Structure formats: C-alpha cells, structure tokens
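J.: Provided herewith is a single structure, encoded as structure tokens, for subsequent inquiry.
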Amino acid sequence: MEENKFDYKQFIGFALIALIGVIWYNSTLPSEEELAAAKAEKAKTEQVITQTTDATKAAVIEETTLDLNDSTQLAKYKSTSGAFGFNAGKVSMDDVTTIENEVLALKVSNKGGQIVEVHVKGQMVKGQFEKLVTYDSLPVYLVKDGNSSFGLNFTTAENRVINTKDRAFEPTYTENDSTKVLSMKLKVAADKYLEYRYEIKDDYMIDFTVRSQGLNGVVNVSQPINMEWKLKSFRHAKSVTYENRYTDLHYEFDEGNDSYLGQATDEETINDVTWLGYKQHFFSSILLTDTTFKKATLSTDNIVDSEMPEKDVKFLKQFGASIPLELNGGELNYNMNMYHGPTDYDTLSAYDRNLDEIVPLGWGIFGWINRFFLIPLFGFLGTFLPAGIAIVVMTILVRLLLSPVTYKSYLSQAKMKVIRPEITEINEKYKDDAMKKQQETMKLYGKAGVSPMAGCIPALMQIPVFYALFMFFPSAFELRQKSFLWAEDLSSYDTIYQFPDGFSIPLYGDHISLFPILASVAIFFYMRMTTGQQMSSMQQPTQEGMPDMSKMMKYMMYFSPLMMLFFFNNYASGLSLYYFVSNLITIGIMLVIKNYIIDNDKIHAKIEENKKKPKKQNRFQKKMQTMMEQAEAQKKKNGK
C-alpha cells in the first residue's frame, strides 16, 4: 500500500485560493457614502408603498358612490377595480339573510344573491301543521351545503366576463303582515344595479324577479346573458333505488305541453319553456316564468354509485339548466316564481299553472282515472280515516264497483264450460277438416248465445284501473311516512327482516317485505281459481304445431306470483297492501258468484232454449259466415 505523504504543491494551491477570496471580498464592500445612499432609497420606497395602499383604500370606499356620468371617476375606477360589482367595499360575502313563513325557510347569501338553503318545514293537514322529516327523522332540505348554484353570466362593455354567483349583493329586507320581501342588489351605482327580488307569502311559492336598472352601456348587449341553475338532489327516502326511479327533470313548453328527461344521463335543448322542475320524488324545486324562455338547455345526470352502500348515498341526480335571457330596452326584466315544496297533486294543482303534470299519474285514460276518481276518493277517505284503513276501504269500493265486470267474465266462462262437451264432439267429428270445424263451432256459439270474447272484454276493462292504481300509490304524498300495522311508511317498503350488511339477493334486495308475500299468496289462489275455470272452458284441444295453452296457463299461475314477490319487494307497501286486499276480495266475490249466483243447470237450460230460437246474425257474423262458406267452396273446387 502506498504511504500518504505531505504534498506541498496542494498546500500552495489552497493558500492561493484563500488569498484571492479575501482580496475579492474586501474589494466589494460598499463605502460609507454608498451605505448612506442605500438607506435613503429604502425610506423612499416605503413611502411610495404606503401612499399606494392609501389610494387603493380610498378607491374601495369611493366605489359605492361612483357616478358613471363622471368620466374622471369612471376612468379612475376602471384603472383600479374593473367594471362591475361596486358592493365589494361594504358588503360581506359571508352574510346570509333568512326569509321564511310557516311552511318554508330560505337563506339567501350576499355572495351571488342566491338561495343557499331551503328548508321545507312542514305542511298543513286538516287545518293542522304537520312537520316534515326525512326517513331518518332529519329536517327536509332541498338546498344546503353548496348542492345548488344560481347566477347570470354576461360580458361587460370592456369585454370582462362576469359571473354574478361570485359577486357581492347588497340585501334589503322588508315585511308587513302577510308578505316578506328581500331585495338583493349588485350595484354599479346607487341607481344602477342588477336586482334579485324574493317575495314570500304563506305557502311554498316564491315570487322571484330578475331585473336591472341603468346597465345599458355597462353590459355588452351583443353577447348573450345566460342564467344558470344547477342542483344536486338530496336523498330523502329509505330506498335509494325506489326514490331515484321517481327523481327526474320535468318541463313545460310550447303553450302547455309537458315532458321530462330520462333516468339516464341526458341533455336536451328545448324551445319556448314556461317552467322547469327538478323533481326529487316527494319534493320538487320548480322555476316558472311569465316571460317564456325562448330556449333552455336542460341536463340530468344519475350520480348514484351503484357500488356504494345505500347508507352512504347522499345525492341522487345532478340537474342543470342554461337559459339565455333577452334584454328589453337594454335592461333585464323577468317576473318569475320559485316553488320549493312537496310533490303533492292537490298542492301543485291549486296554483293552476299545470304543475300537477310533474306528478306521474299516467297518460290518457290512466291519468283521468287518477285525477277524477282515485285521488278525490282517497282524499275524501283520508279526511276521517288513517291512511292504511283508507287504502283498505278504497280497495273494497273499487272491487265492488268492478264486481259486475267480474260477474260477466265468470258467467262467460261458465257458459263455455256448459257447452264444452258439444265443442269436443265437433272437434272429434271434423278433426280432419279445420274449416268445417270452425264453421260448426261458430254455429254452436250463435245458437247457444255464447261469445268466446265475452270473458276477455271484462278482463280488459279492468286493466286501466289496475294501471292507474299502479301509478297512484308511488306518487301519493299522503302516504309518505304514514304507518299501518308493521309498515312504518306506506310510501316505502315494509321490512320484517333485514339481511346482514353486504348481503343482497339480486332483483330482490337486502330485506324481506311481508306485504308483497301476502299479495303473492293471494294472487296465486286467485289465478288458481280463474285458470282452472278457463282451462275447463277451453273450446278445443291443442292443434299440432300450436303451443299447449293449458301448460302455459299453469306456468303463469306460478310465474305471476313469483314475479310480484320479487318486483314489489322494493315498492311502496301501500301498493302491495292494495293488491293483497284486492285479490282477497276478488276471491270472495268469485266464490259467492260460483256458489250462490251462477247455476250451471239453469245456464244449460237457457242455452238449450236459445238453440231452439231462430238466431238473427249481425252484419259481422254474416260477413264471417260468408267468408267461411266461400273458403269452403274454394277448397272443394281446388280438391276436384
């Protein structure tokens, strides 16, 4: 190993570097004259900064009294602050103003002049105030914690883009015995401003005005003024899936027509819009306008994470609207209304603004049955009966009303059963001649006074009522949080057993509901009775190549109750209660008809008597008979 020795050359090199460093440092030190000059320059700079700060403060104070007609002031303001929003110097962005009545409470923020909280406190029921809460007993909020934003976007004359939701509005609150008014102004000067005016009386409807004064020349009229309103809908009900199914965006357009966006993510541009509503199943936020919106771009987005546990879901859908506003004489002037309250048919229809269309009652005859029969009937019963008992009583009345239809259907099946032996005889006699078999069967029907369609038509007549009820129960606000027996809320599913966390049966859910089980059992016995009657009255055996109808009926007898069991497990328990009671009553009516009203011997005697009478055919029967005879003649001719 080489021995380390002292290297005098390296020592001399380091010594020279150190000497150079000392000489350079001493040569760069400032002289006493230079130090004095530097202190003087620092004092001068501090004085300039102080003067500039004082000038800026003065400009902020001066904002509230700026006269736009004074070119000197205007130029000074533009050089320091921009061109809009002179409230910034005297209005706190964090302050809010509360405006409320007995059923509704709003908080309006100085920032943006917009509503930042909507609390639906309750409703008047039978002359009494009833507090409204969510499924977990919390207050009902439609707007809270930044889930909504409202503002105007426009361009100034200096081509600066302004978004009012970020600007400071000045509040002015007044009230008298019946009306409370909050004016929010974004001022340019004392007589030049943009104003949002909120006026609330004694219900859920708010008078809302957007207007401007003296902004002609401040706003660039060649650029659009867009009003934007966004809202994320809160979850209020126990079942996320069920509530989300009835949460959507509705709108009215083209002088009274109404429509809605689908459940999935969707966006549409609609012309001539008069109102738009963000419906959250049992609660809605609606914007109405006296001046038709010429165009509105509406959007909805389903934001529920299907993989998230229901207990963690807070929001259901994201709604949005972008609406260009038109100037009139260089100014804005839109008289509008805002509704924040229950999605209740009676409440909404009372405003006479077509708002009841937001309640999904069905189209055509289904909606008519709900509007003019079921809703008034249930409303009447609900005035003196609890909700559950009212459903039972209404079900009894509906089934009694439809009992003649049930009787006609059962009587037709009984007649078909009586002539069944004769039909079998015809089928055997003409088993090789389908045309002749059909002719003889039609003759037998004519002589006996029996129509195979007589049993189908009464059944079809019940479908509109069945579907109307299917639409009524999920939309009936009166059922919300009303209990009956073991069901805590008739507008949601009942639960007799909750599966462990994380366990769920596909298509069925994470719980067991009892009312759907009872309804499924009842419909099984009902179908067993009707299917047996129909199978015994079938007019002919299965033809080759055709499906076996008896087997299909047997499958339906088991499949229908099973489908109801799965489908209704997450539906409103009030609907399952109706079907359970309805099927029980129908079974009872059919047993009474079978055992005490219909006499097969009398029916057979009546049929035999009808056979002896000359039967006059109607035009349709004559035409069918002629067509059959022509077809038979053609067949014989071709056979030759």
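Just so we're aligned, residue 1 is where the sequence shown starts under UniProt numbering, counting upward by one. For each residue, glycine too, the CB sits at the ideal point set by N, CA and C. Values in this document were obtained by computation on a predicted structure and should not be read as measured data.
Counting only the same chain and skipping the five closest in sequence on each side, list residues whose C-beta sits under 6 Å from that of G113.
T.: Result list for G113: F169, M184, Y196, in chain order.
J.: Spatial neighbours of L287 within its chain, please: C-beta separation below 7 Å, excluding the five flanking residues on both sides.
T.: Counting only Cβ-Cβ distances below 7 Å, and skipping sequence neighbours, we find W229, W275, L276, M336, M338.
J.: With distances taken Cα to Cα, identify the nearest neighbour of D352 among G329, E428, G256.
T.: Comparing Cα-Cα distances from D352 to each of G329, E428, G256, the minimum goes to G256.
J.: Looking at N300: is its Cβ nearer than 8 Å to the Cβ of T269?
T.: Note on identity: in this sequence residue 300 is Thr, with Asn being the wrong assignment. No. Outside cutoff.
J.: Can you list, in chain order, the residues of its chain with a C-beta nearer than 6 Å to that of F150? Leave out the 5 residues immediately preceding and following it.
T.: Within the same chain, F150 has close Cβ partners Q114, W229.
J.: In its own chain, which residues sit with a C-beta less than 6 Å from the C-beta of T406, not counting the 5 before and 5 after it?
T.: Correct list, in chain order: I589.
J.: Once the 5 residues before and after residue 653 are set aside, which same chain residues still bring their CB inside 6 Å of it?
T.: In the structure as shown, the chain starts at 1 and stops at 640, and residue 653 therefore has no counterpart that could be examined.
J.: Using beta-carbon positions only, say whether residue 643 and F378 come within less than 8 Å of one another.
T.: Because the chain in this structure spans residues 1 to 640, residue 643 falls outside the shown range and cannot be described.
J.: Output the distance between the C-alpha atoms of S483 and Y334, rounded to the nearest integer angstrom.
T.: Taking the straight line joining both Cα atoms gives about 44 Å.
J.: Between which residues of its own chain and I593 is the CB-CB distance below 6 Å, once the five residues before and five after are set aside?
T.: The residues are Y407, Y410.
J.: Counting pairs of Cβ atoms below 8 Å between the stretch 207-220 and the stretch 130-147, do you hit three or more?
T.: Segments in contact, no.
J.: Candidates T530, V188, I396, D202: which alpha carbon is nearest V181's?
T.: Measuring from the Cα of V181, the nearest candidate turns out to be D202.
J.: If the criterion is Cβ atoms closer than 8 Å, does the pair G341 and L485 meet it?
T.: Their beta carbons are not under 8 Å apart, which means G341 does not touch L485 by this criterion.
J.: Is the number of C-beta pairs between the stretch 230-238 and the stretch 313-328 that are closer than 8 Å three or more?
T.: Because the criterion of three Cβ pairs below 8 Å is met, the stretch 230-238 and the stretch 313-328 touch.
J.: Does the Cβ of G362 have 16 or more other Cβ atoms within 10 Å, making it buried, or fewer, making it exposed?
T.: Under this definition G362 is a buried residue.
J.: Based on the DSSP secondary-structure assignment, which residues constitute the bridge partners of N337?
T.: In DSSP, N337 forms a bridge with D207, L288.
J.: Mapping DSSP to helix, strand and coil, what is Y242?
T.: In the structure shown, Y242 sits in a helix (DSSP, three-state: H, G or I).
J.: Is the beta carbon of A519 sitting closer than 8 Å to the one on F568?
T.: In this structure, F568 lies closer than 8 Å to A519 by Cβ.
J.: How would you call M556, buried or exposed, if buried means at least 16 neighbouring beta carbons within 10 angstroms?
T.: With fewer than 16 other Cβ atoms within 10 Å, it is exposed.
J.: Could you give the first and the last residue of the continuous beta strand (DSSP E) run that contains Y596?
T.: Looking at the DSSP string, Y596 is not in any beta strand (DSSP E), and its letter there is neither H nor E.
J.: Thinking L261 and L298 are a contact (beta carbons under 8 Å), I'd like their distance in whole angstroms, please.
T.: L261 to L298, Cβ: 6 Å. Contact.
J.: Extract the residue ranges of the alpha helix (DSSP H) inside the stretch 358-428, only unbroken runs of 4 or more that lie entirely within it.
T.: If we require 4 residues or more, the alpha helix (DSSP H) runs fully inside the stretch 358-428 come out as 364-369, 375-382, 387-418.
J.: Report yes if the C-beta distance between T247 and P171 is below 8 Å; otherwise report no.
T.: Not in contact: T247 and P171 (Cβ atoms no closer than 8 Å).
J.: Taking 7 Å as the limit between beta carbons, can you name the residues of its chain near T626, skipping five residues before and five after?
T.: Cβ neighbours of T626 beyond the five flanking positions: none.
J.: Give me, in chain order, the residues of the same chain whose beta-carbon lies closer than 6 Å to that of F472; leave out the 5 immediate sequence neighbours on both sides.
T.: Answer for F472: N370, L374, listed in chain order.
J.: Take P500 as the anchor and find which of Y493, G509, L355 has the nearest alpha-carbon.
T.: Considering only alpha carbons, the answer is G509.
J.: Spatial neighbours of V273 within its chain, please: C-beta separation below 6 Å, excluding the five flanking residues on both sides.
T.: The answer, listed in chain order, is Y251, F253, F293, A296.
J.: Return yes when the Cβ of I323 is within less than 8 Å of the Cβ of N226, no when it is not.
T.: Yes, the Cβ-Cβ distance between N226 and I323 is below 8 Å.
J.: Return the chain-ordered list of same chain residues with a C-beta closer than 7 Å to the C-beta of N468, the five sequence neighbours on each side being excluded.
T.: The residue you asked about is not Asn; residue 468 is Ala in the sequence shown. Taken in chain order, the residues that qualify are G362, F366, I369, N370, L374.
J.: Beta-carbon within less than 7 Å of N595's beta-carbon, same chain only, minus the 5 sequence neighbours each way: which residues are those?
T.: So no residue of the chain qualifies.
J.: Tell me the DSSP bridge mates of E267?
T.: In the DSSP output, where bridge partners are listed per residue, E267 has S299.
J.: Taking the alpha carbon of V103 as the point to measure from, which residue in S92, K121, D95 has its own alpha carbon closest?
T.: With distances taken between Cα atoms, V103 lies closest to K121.
J.: If we count the other Cβ atoms within 10 Å of its Cβ and call it buried at 16 or more, is K126 buried or exposed?
T.: With fewer than 16 Cβ atoms within 10 Å of its Cβ, K126 is classed as exposed.
J.: Please state whether the Cβ-Cβ distance between V140 and V240 is less than 8 Å.
T.: Not a contact, by the Cβ cut-off of 8 Å.
J.: S306 and L142 look like a contact to me (Cβ under 8 Å); what is the Cβ gap, rounded to whole Å?
T.: Incorrect: roughly 24 Å between the Cβ atoms, too far for contact.
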